[in-house]
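Just so we're aligned: 226 in the numbering used here is position 226 of the sequence shown, and the numbers increase by one with no gaps anywhere.
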Amino acid sequence: MDSRHILEIVDQNLCSRMDLSKHYSDQELRKLIDACLDSLEQRIPMIRLDREQIATGVYNNRRRLGLIQPFLEDPSVNEIMINGTDGIFLEKNGELVRCEERFHDKEKLFHLIQTMIAWVNRTVNESNPIVDARLMNGARVNAVLPPIAINGPVITIRKFAEKPFDMDMLLEKGTLTRTQADFLIRAVETRKNILIGGGTSSGKTTFMNMLAGYIPDSQRILTIEDSAELRLSQSNVVRLETRNANTEGRGEIKMRALIKAALRMRPDRLIIGEVRDESALEMLTALCTGHEGCMSTAHANSCKDMLVRLETMALWEGHVSSQAIRQMIVSGVHLIVYLVREGPKRYVREICAIDGIHQGEIQLRQVA
């Protein structure tokens, strides 16, 4: 009898012993699990149990996130990818590995998703099959349900370091040079508007969080994100988070609405999470109306590509010309930092300043 079947037997026994009208403390729940294990060993004297492993598995199923809890607690795991019932893959120390464990029941996967998103008041179902959320520890969660996901519920969890990276840690890892670090620290202190670009998992949010740490504590900071991930140590920080529509299709709060609201909240600095739609126009408007020292991120393949992406997203609004948007970029954006990821290594490939417009094209100058 393998450990998975033993775990299911103990879990069923636990369920039969629990008083559903009572709230059990963690200690009480663990005592009940131990009693179930004692009972199993008495009924099957020859059985060999790894009591600690079974007890932890049952407890995780009841109080935490079950099968994936050990991966969430493993500091060497950066990302957890659950491909329905087909398998679980981990990015561990920069390498992609397949786990021996996997989910055997799509219903349990769906229940896991509901557990993860419940505390941030997000909804996911067949009519709204895609959801972004965050766990209590700050990890980012994306879930996609059937019929969009063919092989069952798909979950991707991006973990963040328990202790945010500081400049010294990134220098030690080779993420940037000392010259680049000094240049960027000075840029934050002198209130330059900075955009950080890069591919998926290139470290954009981590890098922005580190740079934002150099904002003086005396200033009021507003952060705006789809899923709140930034962790700033300053005392005057207001965190805003977008909201999905409810089951009736109402109540959605988009990033562009939050940017407008933030401008009325007397911000000294705006820190805007990943811009991926027409909210880019709202961001550029904010940067061009006296709000200095702001930061944001976007997906891009180079500093030059960041300009194209920004212009394209702003054009989705439909009522502003390309020429006007380019002028807003030149007026509002001072620096672009481009990050790349090569295997486990993430580093700054270029830092460019915007040097005006020549013959209708925005000019870039590499500065570090």
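A virtual CB, placed ideally from N, CA and C, is assigned to each residue, including glycine.
Item	Value
Top-ranked residue by Cα proximity to Cys294, from Ala300, Leu310, Gly273 and Ser302	Gly273
Whole-number beta carbon distance between Val10 and Leu40, since they are thought to touch under 8 Å	6 Å
Own chain residues within Cβ distance below 6 Å of Met81, not counting five before or after	Phe89 and Thr156
Opening and closing residue of the alpha helix (DSSP H) in which Asp132 lies	Careful: Asp132 lies outside any alpha helix (DSSP H), inside the beta strand (DSSP E) at Ile130 to Arg134.
Stretch pair the segment 333-341 + the segment 184-204: three plus CB contacts closer than 8 Å	yes
Presumed contact (8 Å Cβ cut-off) between Asn246 and Thr123, rounded CB distance	6 Å
Alpha helix (DSSP H) runs contained entirely in the segment 228-281, provided each spans 4 or more residues	255-262
Phe183 (DSSP reduced to helix, strand or coil)	helix
DSSP bridge partner residues for Tyr411 (one or two, in chain order)	As shown, the chain starts at 1 and ends at 368. That puts residue 411 outside it, with no answer to give.
Any 3 or more C-beta pairs closer than 8 Å across the segment 127-140 and the segment 220-238	yes
Nearest residue (CA-CA) to Asn236, options Glu248, Thr223, Arg243 and Thr242	Thr223
Residue burial classification, Gln359 (beta-carbon count within 10 angstroms, cutoff 16)	exposed
When Lys260, Arg266 and Arg269 are compared against Gly281, the one with the closest alpha-carbon	The residue asked about is misnamed: residue 281 is Leu in this sequence, not Gly. The shortest Cα separation from Leu281 among Lys260, Arg266 and Arg269 belongs to Lys260.
Span of the beta strand (DSSP E) around Ile88	Ile88 to Lys92
According to DSSP, residues forming a beta bridge with Ala143	Val131 and Ile155
Backbone secondary structure at Asp105 - three-state DSSP	coil
Short Cβ contact (8 Å threshold) for Ile221 with Asp277	no
Cβ-Cβ distance between Gly203 and Leu96 below 8 Å	no
Any 3 or more C-beta pairs closer than 8 Å across the segment 298-315 and the segment 154-173	no
Distance between Ala133 and Cys371 (C-alpha atoms, nearest Å)	It is not possible to answer for residue 371, since the shown part of the chain is limited to 1 through 368.
Stretch-stretch touch, CB-based, cutoff 8 Å, three pairs: the segment 95-114 with the segment 47-67	yes
Leu25 versus Gln12 - alpha carbon distance	Checking the displayed sequence, the identity of residue 25 turns out to be Ser instead of Leu. Roughly 19 Å separates the two Cα atoms.
Classification of Lys159 by the beta-carbon crowding that lies within 10 angstroms, buried from 16 upward	buried
Nearest candidate by alpha-carbon position, reference Cys344, set Ala212, Thr200 and Ile150	Looking at the sequence itself, residue 344 is Pro, so the reference to Cys does not match. Pro344 has its Cα closest to that of Thr200, out of Ala212, Thr200 and Ile150.
Closest Cα partner of Ser233 within the set Ile253, Gly249, Asn209 and Glu248	Asn209
Cross-strand partners of His299 (DSSP beta bridge)	Gly198
Limits of the unbroken beta strand (DSSP E) element including Met81	Val77 to Asn83
Reference Gly84; option with closest CA among Asp34, Asn61, Arg48 and Ile150	Ile150
Distance between Leu135 and Ile47 (C-alpha atoms, nearest Å)	37 Å
Beta-carbon contacts of Val330 that lie in its chain and below 7 Å, excluding the five residues immediately before and after	Ile354, Gly356, Ile357 and Ile362
Asp50 to Val275 span [Cα, whole Å]	48 Å
Member of Gly152, Ala300, Glu79 and Gly251 whose CA lies at the smallest distance from the CA of Lys106	Gly152
Beta-bridge pairing of Glu342 - partner residues as DSSP gives them	Lys345
Pair within 8 Å by beta-carbon distance, Glu350 and Cys303	yes
Whole-Å CB distance - Gly174 paired with Tyr347, under 8 Å assumed	6 Å
Range of the contiguous alpha helix (DSSP H) that encloses Arg43	Asp26 to Arg43
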